[in-house]
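Asker: Heads up: the sequence shown at position 126 corresponds to 126 in my numbering, and the numbers run straight through without jumps.
Note that beta-carbon positions come from the ideal geometry of N, C-alpha and C, so glycine has one too.
Have a look at the structure that comes next, please.
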Amino acid sequence: MYAIYARQSIEKSDSISIETQINLCSSFAKGEFLVYKDAGYSGSSTDRPDFQRLLSDIEAGKISAVICYRLDRISRSLTDFAKLIEFFEKYKVQFISATEQFDTSSPIGRAMVYIIMVFAQLERETIVERIKDNYFSRAKKGMFLGGRCPFGYKSKQIILDGKKCSVLEIDPDEASILKEIFRRYTEENESLYNIAISLPGSWTSNKVSRILKNPAPVKNSIDLYEYFKNNGYQIANQIDDFNGENGCLLVGKEKGKKNRVYCPTSEQTLVIGLHSPIIDARTYIAAQARLQKNKASKRLGTGHLSWLTGLLRCGLCGYSVTSKVVKGYKYFCCRGRSNYGPDKCSVKKLFVAGEIEKAVEAELLKRCRDTKLLLAPSTDTPHDMAIKAQIIKIDEQIDNLLSQMAEGVVGEYIAKKIESLDAKKKELQAQIKTKEPAIDPEKIEEMRNIVLNEWQDLDIKLKHSIAEFFINKIYISEDEMRIEWAF
């Protein structure tokens with residue numbers, strides 16, 4: 001029995017319809033034939049209903065030959081097609097293409113099949129790459145790329161560069177709720193659950209969390225640039241473009257439609273949108289800090305963890321540092337190294353958790369003996385923001401020079417240039433005021449006294465809470481430890 005297989009991804013006026021494919025293939029069938037057809041399915045996967053039915057019938061011995069209009073109707077994947085040819089040969093099934101002449105029974109014929117499939121896959125990959133390039137090109141212009149609008153916005157059509165495109169505009173009703181969510185979470189310290197159950201309509205803790213994480217409504221200030229850069233994201237715009245006048249978009253967060261996969265931050269890109277912002281960057285960053293702390297707190301007490309959980313970062317790649325137990329001993333390891341290998345991070349050792357904890361504890365005690373902690377810091381001035389932008393630019397210049405040295409471009413000039421830039425950075429840092437908002441001196445004094453008088457008697461959860469109060473991040477590498485204090 002002959003089998004005719006036809007497939008069409010999307011019905012278009014200029015594409016060969018399934019009916020036409022079947023008619024063309026029927027002239028190659030010698031006698032009766034069965035028809036298998038899949039409408040609306042891509043050739044990139046063999047997971048198609050009628051195609052799977054065809055394979056089952058071949059295994060059952062019902063089919064002696066398979067006819068299709070063209071090779072790419074069977075598959076556009078070279079790997080899948082090679083496996084199918086082996087499958088056909090195993091069950092002694094002849095394969096016939098109505099528009100491409102070859103004989104799969106000879107070595108030359110099989111080679112021709114593979115050559116044709118190579119070009120079919122190349123064509124598919126080129127189309128996919130072109131679509132991706134167009135997608136990111138539109139995103140980098142600040143356009144809204146479709147799908148569900150971020151909460152607080154609706155889409156509208158405008159003409160940009162002579163073409164229609166979608167951009168976001170503020171939805172006043174949703175924007176009001178958005179502001180309330182951020183205010184209650186960052187200022188009143190309400191839980192995600194309490195916020196969710198008090199809002200009108202159908203809300204969940206996860207929905208509130210997703211809204212808090214989305215940078216779409218956030219002002220494109222230097223603070224936001226610094227936050228995303230320090231967390232390993234790509235940034236499409238220059239730092240001078242971060243003037244606080246627009247909202248932002250995060251591109252490349254997910255890949256895959258059926259099985260949603262979240263990309264690492266290094267593959268995600270922050271772009272400045274064409275829409276107006278709703279939330280200031282500091283409120284957004286404060287929300288992220290609390291979300292991260294709550295995430296770390298949930299893990300406390302569930303395993304062999306440390307009171308430093310959630311605070312540690314690798315000093316080389318910036319990825320988080322997690323704890324693990326090896327032969328009964330607790331260690332810290334870089335997530336960048338363990339998840340992505342030496343290409344992402346070159347750190348070679350596990351850090352003994354007890355040694356790091358003792359070192360941080362010593363620095364915390366030393367810090368708490370410093371009465372200057374009672375001085376509450378002030379907020380940034382425009383002058384501070386300008387200096388901060390200069391510091392970020394200097395950091396980028398130093399990184400570029402270090403990359404040149406790593407690639408073998410060495411010389412006295414580069415070393416002197418780095419030294420000069422570092423000196424300039426220190427001068428600017430001496431000028432800038434502390435960037436964090438003021439903290440109640442009475443609260444500082446209370447926490448300070450606990451560290452000085454009760455630290456050794458505290459359990460892991462209390463130590464973790466106090467460490468979070470005093471510390472933003474701790475960067476560790478093989479030869480140094482650097483603590484970024486909260487104030």
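Start and end of the beta strand (DSSP E) containing Ala39?
Answerer: Locating residue 39 in the sequence shown gives position 39, where the first residue counts as 1. That run of the beta strand (DSSP E) goes Phe33 to Ala39.
Asker: Since Asp80 contacts Thr126 with CB under 8 Å, what's their CB separation in whole angstroms?
Answerer: As a working mapping, residue 80 is identified with position 80 in the sequence shown. As a working mapping, residue 126 is identified with position 126 in the sequence shown. Not a contact, Cβ separation roughly 18 Å.
Asker: Considering only their Cβ atoms, is the gap separating Pro277 from Gly232 smaller than 8 Å?
Answerer: Residue numbering aside, residue 232 sits at position 232 when the sequence shown is read from its first letter. Residue numbering aside, residue 277 sits at position 277 when the sequence shown is read from its first letter. No. Outside cutoff.
Asker: Can you find the residues in the same chain that come closer than 6 Å, C-beta to C-beta, to Leu274, ignoring five residues on each side of it along the sequence?
Answerer: Your numbering for residue 274 matches position 274 in the sequence shown. Within the same chain, Leu274 has close Cβ partners Gly142 and Val167.
Asker: Relative to the alpha-carbon of Ala467, which residue among Lys388, Glu478, Lys229 and Cys368 has its alpha-carbon at the smallest distance?
Answerer: Residue numbering aside, residue 467 sits at position 467 when the sequence shown is read from its first letter. With distances taken between Cα atoms, Ala467 lies closest to Cys368.
Asker: In whole angstroms, what is the alpha-carbon distance linking Tyr331 and Ile474?
Answerer: As a working note, residue 331 is residue 331 in the sequence shown. As a working note, residue 474 is residue 474 in the sequence shown. If you take the alpha carbons of Tyr331 and Ile474, they lie about 15 Å apart.
Asker: At the level of alpha carbons, what is the spacing between Asp38 and Leu71?
Answerer: Stepping through the sequence shown from its first residue, residue 38 is reached at position 38. Stepping through the sequence shown from its first residue, residue 71 is reached at position 71. Roughly 15 Å between the two C-alpha positions.
Asker: Curious, which full-length beta strand (DSSP E) runs of at least 3 residues does the region 129-203 contain?
Answerer: For the region 129-203, whole beta strand (DSSP E) runs of length 3 or above, ordered along the chain, are 153-160 and 163-170.
Asker: Buried or exposed for Gly61, please, with buried defined as at least 16 other CB atoms from any protein chain shown within 10 angstroms of its CB.
Answerer: Taking the first residue of the sequence shown as position 1, residue 61 is located at position 61. Looking at its Cβ environment, which holds fewer than 16 other Cβ atoms inside 10 Å, Gly61 is exposed.
Asker: Considering only DSSP beta bridges, list what Trp485 is partnered with.
Answerer: Numbered from its first residue, the sequence shown carries residue 485 at position 485. In the DSSP output, where bridge partners are listed per residue, Trp485 has Ile471.
Asker: My understanding is that Ile51 touches Tyr91, with C-beta atoms under 8 Å, so please give their C-beta distance in whole angstroms.
Answerer: Your numbering for residue 51 matches position 51 in the sequence shown. Your numbering for residue 91 matches position 91 in the sequence shown. In the sequence under discussion, the amino acid at residue 51 is Phe, which differs from the Ile named in the question. The pair is not a contact, with the Cβ atoms about 15 Å apart (cut-off 8 Å).
Asker: Going by DSSP, what residues sit across from Thr269 in a beta bridge?
Answerer: On the sequence shown, residue 269 is found 269 positions in, with the first residue counted as 1. Note: Thr269 sits in a beta bridge opposite Gln234 and Val251.
Asker: Evaluate the contact criterion for the region 309-322 versus the region 279-291: three or more CB pairs, one atom per stretch, below 8 Å.
Answerer: Too few Cβ pairs lie closer than 8 Å, so no.
Asker: According to DSSP, Ser323 sits in a beta bridge with which residue or residues?
Answerer: Locating residue 323 in the sequence shown gives position 323, where the first residue counts as 1. DSSP lists Phe332 as partners of Ser323.
Asker: Are the Cβ atoms of Trp307 and Lys463 separated by less than 8 Å?
Answerer: On the sequence shown, residue 307 is found 307 positions in, with the first residue counted as 1. On the sequence shown, residue 463 is found 463 positions in, with the first residue counted as 1. Yes, they are a contact pair.
Asker: To which residues does DSSP link Ile67 through a beta bridge?
Answerer: Here residue 67 refers to the residue found at position 67 when the sequence shown is read from its first residue. Paired residues: Ile4 and Ile96.
Asker: Apart from the five residues just before and just after Leu178, which ones in its own chain have a Cβ nearer than 8 Å to its Cβ?
Answerer: Taking the first residue of the sequence shown as 1, we reach residue 178 at position 178. Phe151, Gly152, Ile211, Pro217, Ile278 and Ile279.
Asker: Quick one: Cα of Ala486 to Cα of Leu122, how far?
Answerer: The residue you call residue 486 lines up with position 486 of the sequence shown. The residue you call residue 122 lines up with position 122 of the sequence shown. Distance between the alpha carbons of Ala486 and Leu122 is about 52 Å.
Asker: Ile239 and Lys393 - do their beta-carbons sit closer together than 8 Å?
Answerer: Your numbering for residue 393 matches position 393 in the sequence shown. Your numbering for residue 239 matches position 239 in the sequence shown. Cβ atoms of Lys393 and Ile239: closer than 8 Å.
Asker: Measuring alpha carbon to alpha carbon, tell me which of Tyr41, Ala236 and Val35 ends up nearest Leu54.
Answerer: Position 54 of the sequence shown holds residue 54. The candidate whose alpha carbon is nearest that of Leu54 is Val35.
Asker: In or out: Phe228 buried (at least 16 other Cβ within 10 Å) or exposed?
Answerer: Within the sequence shown, numbered from 1, the residue matching residue 228 stands at position 228. It is buried - the Cβ of Phe228 has at least 16 other Cβ atoms within 10 Å.
Asker: Suppose the cutoff is 8 Å on Cβ atoms and the five residues either side in sequence are ignored; what does the same chain contact list for Glu478 look like?
Answerer: Start at 1 with the first residue of the sequence shown, and residue 478 comes out as number 478. Cβ neighbours of Glu478 beyond the five flanking positions: Val347, Lys348 and Lys349.
Asker: In terms of residue numbering, what span does the beta strand (DSSP E) encompassing Leu274 cover?
Answerer: Counting from one through the sequence shown, the residue named residue 274 turns up at place 274. Element bounds for Leu274: n/a, residue is neither H nor E.
Asker: In terms of DSSP beta bridges, what is Arg313 paired with?
Answerer: Stepping through the sequence shown from its first residue, residue 313 is reached at position 313. The partner list for Arg313 (beta bridge, DSSP) reads Ser320 and Tyr475.
Asker: If you count every other CB in all the chains shown that lies within 10 Å of the CB of Arg183, and 16 or more means buried, which is it?
Answerer: Here residue 183 corresponds to residue number 183 of the sequence shown, with the count starting at 1. Exposed.
Asker: What number of angstroms, rounded off, separates the C-alpha of Phe242 from the C-alpha of Cys345?
Answerer: Within the sequence shown, numbered from 1, the residue matching residue 242 stands at position 242. Within the sequence shown, numbered from 1, the residue matching residue 345 stands at position 345. Those two C-alpha atoms are separated by around 29 Å.
Asker: Where Arg282 and Thr204 are concerned, what is the direct C-alpha to C-alpha distance, given to the nearest angstrom?
Answerer: For the purposes of this step, residue 282 is taken as the residue at position 282 of the sequence shown. For the purposes of this step, residue 204 is taken as the residue at position 204 of the sequence shown. Arg282 and Thr204: Cα-Cα distance of roughly 25 Å.
Asker: Between the Cα of Ser451 and the Cα atoms of Lys140, Ser202 and Asp370, which residue gives the shortest distance?
Answerer: To locate residue 451, count along the sequence shown from 1; it is residue 451. Correcting the residue identity first, residue 451 is Val in this sequence and not Ser. Nearest of Lys140, Ser202 and Asp370 to Val451, Cα basis: Asp370.
Asker: So, is Ser198 buried or exposed, given that buried needs 16 or more other C-beta atoms within 10 angstroms?
Answerer: Walking along the sequence shown from the start, residue 198 turns up at place 198. So Ser198 counts as exposed.
Asker: Please name the residue, chosen from Thr186, Ile222, Ile235 and Ser202, that lies closest to Lys213 on a Cα-to-Cα basis.
Answerer: The residue given as residue 213 occupies position 213 in the sequence shown. Answer by Cα proximity: Thr186.
Asker: Buried or exposed: which applies to Cys68, given that a residue is buried once 16 or more other Cβ atoms fall within 10 Å of its Cβ?
Answerer: Residue numbering aside, residue 68 sits at position 68 when the sequence shown is read from its first letter. That one is buried.
Asker: Check for me: the alpha helix (DSSP H) holding Arg448 runs from which residue to which?
Answerer: Taking the sequence shown and counting its residues from 1, the one referred to as residue 448 is at position 448. That run of the alpha helix (DSSP H) goes Pro441 to Glu454.
Asker: Exposed or buried, which one is Leu365 when buried takes at least 16 other CB atoms within 10 Å?
Answerer: Sequence index remark: in the sequence shown, residue 365 carries index 365 (1-based). It is exposed - the Cβ of Leu365 has fewer than 16 other Cβ atoms within 10 Å.
Asker: Given this structure, state the Cα-to-Cα distance separating Gly192 from Arg290, to the nearest angstrom.
Answerer: Locating residue 192 in the sequence shown gives position 192, where the first residue counts as 1. Locating residue 290 in the sequence shown gives position 290, where the first residue counts as 1. In the sequence as presented, Gly is not what sits at residue 192; that position holds Leu. Near 11 Å, if we compare the C-alpha coordinates of Arg290 and Leu192.
Asker: Hey, would you say Ala65 sits closer than 8 Å to Gln21, going by beta carbons?
Answerer: Position 65 of the sequence shown, counted from the start, is the residue given in the question as residue 65. Position 21 of the sequence shown, counted from the start, is the residue given in the question as residue 21. The answer is no: Cβ separation not under 8 Å.
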